[in-house]
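Have a look at the structure below before the remarks.
Residue numbers (the numbering used here): 147 to 246.
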């Protein structure tokens, strides 16, 4: 992934909020039933409700973050769950520390 694409993914306030929310999903999504935040993540519907945006907008934002390798997804039945990609976040940290 090009560095520019990672920074483009971070150039939107809502996408930054989503990453922040996913940092502590138990606190930010307490209403998610039967939550397995560590292994599965947060349901896209819960992210949409919290953000207050349309499903299509949230799906696009999550796709952008996923293409930047900052989040990962897991499909369970008809639902898609998202969580932070620790390796991608560490890569971003290394880019900032070594190249900027």
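For every residue, glycine included, the Cβ atom is placed at its ideal position computed from N, Cα and C.
Classification of residue i by the beta-carbon crowding that lies within 10 angstroms, buried from 16 upward
{"i": "residue 229", "result": "buried"}
{"i": "residue 178", "result": "buried"}
Whether residue i touches residue j by CB criterion (7 angstroms)
{"i": "residue 187", "j": "residue 160", "result": "no"}
{"i": "residue 136", "j": "residue 192", "result": "Missing from the structure shown is residue 136; the chain here goes from 147 to 246 and no further."}
{"i": "residue 155", "j": "residue 210", "result": "yes"}
{"i": "residue 167", "j": "residue 189", "result": "no"}
Range covered by the alpha helix (DSSP H) that runs through residue i
{"i": "residue 200", "result": "Neither: residue 200 is in no alpha helix (DSSP H) and is coded neither H nor E."}
Residue i: first and last residue of the uninterrupted beta strand (DSSP E) it sits in
{"i": "residue 219", "result": "217-222"}
8 angstroms contact criterion, which residue i and residue j should meet: CB distance rounded
{"i": "residue 183", "j": "residue 172", "result": "6 angstroms"}
{"i": "residue 212", "j": "residue 218", "result": "7 angstroms"}
{"i": "residue 238", "j": "residue 152", "result": "6 angstroms"}
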